[in-house]
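Trainee: One structure, pasted below without further comment.
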Amino acid sequence: MLGEREVVFIVKNWDDFKEHVAYAKKPIYRVIKRKDGKVEIRAKAGMLAWKGEFDAEDEREKIDQIIKTLESYGAIEVVDTMPDEEFI
125 MLGEREVVFI VKNWDDFKEH VAYAKKPIYR VIKRKDGKVE IRAKAGMLAW KGEFDAEDER
185 EKIDQIIKTL ESYGAIEVVD TMPDEEFI
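Numbering-wise (the numbering used here), the sequence shown opens with residue 125 and increments by one.
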């Protein structure tokens, strides 16, 4: 319904989220490269979500492993977001 907002529950622990994402139908994730040299990964599976912040240079291996894990569960990368009425 127009104007209603959906809520996601953000969990702190990656391993907790990883257990849940294995059973999700349509998991998604987004990689945000920030100007301060950090990379933020946001992942959502149903109403459960997780986000992590990493140093782009020092934690490259960990970033790649998380993305690989998400994709192994069928997660799709989201490259941008915008309101539906502005898309077309």
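Think of the CB as a built atom: it goes at the ideal place given N, C-alpha and C, for glycine as much as any other residue.
Model, not experiment: these values are computed from the prediction.
#1: When the Cα atoms are used, what is the spatial distance from Lys-192 to Asp-140?
#2: Measuring CA to CA, which of Glu-164, Ile-187, Tyr-197 is closest to Lys-142?
#3: Roughly how many angstroms lie between the CA atoms of Val-203 and Lys-159, to the nearest whole one?
#4: Anyone know if the C-beta pair for Val-145 and Ala-169 falls short of 8 Å?
#5: Does Tyr-147 pass the burial test, meaning 16 or more other C-beta atoms within 10 Å, or should it be called exposed?
#6: Below 8 Å on the Cβ atoms is my guess for Val-163 versus Ala-180; work out the distance and round it to an integer in Å.
Mentor: Straight from the coordinates:
#1: As a first step, residue 192 is located in the sequence shown; it is residue number 68 there, counting from the start. As a first step, residue 140 is located in the sequence shown; it is residue number 16 there, counting from the start. Straight-line Cα distance between these residues: approximately 17 Å.
#2: Along the sequence shown, read from residue 1 onward, the residue named residue 142 stands at position 18. Nearest of Glu-164, Ile-187, Tyr-197 to Lys-142, Cα basis: Tyr-197.
#3: As a working mapping, residue 203 is identified with position 79 in the sequence shown. As a working mapping, residue 159 is identified with position 35 in the sequence shown. Distance between the alpha carbons of Val-203 and Lys-159: 17 Å.
#4: Residue mapping note: residue 145 aligns to position 21 of the sequence shown, counting from 1. Residue mapping note: residue 169 aligns to position 45 of the sequence shown, counting from 1. In contact: Val-145 and Ala-169 (Cβ atoms closer than 8 Å).
#5: Here the question's residue 147 lines up with position 23 in the sequence shown. Exposed, because fewer than 16 other Cβ atoms sit within 10 Å of the Cβ of Tyr-147.
#6: To locate residue 163, count along the sequence shown from 1; it is residue 39. To locate residue 180, count along the sequence shown from 1; it is residue 56. Their Cβ separation, rounded to whole angstroms, is 5 Å, which keeps Val-163 and Ala-180 in contact under 8 Å.
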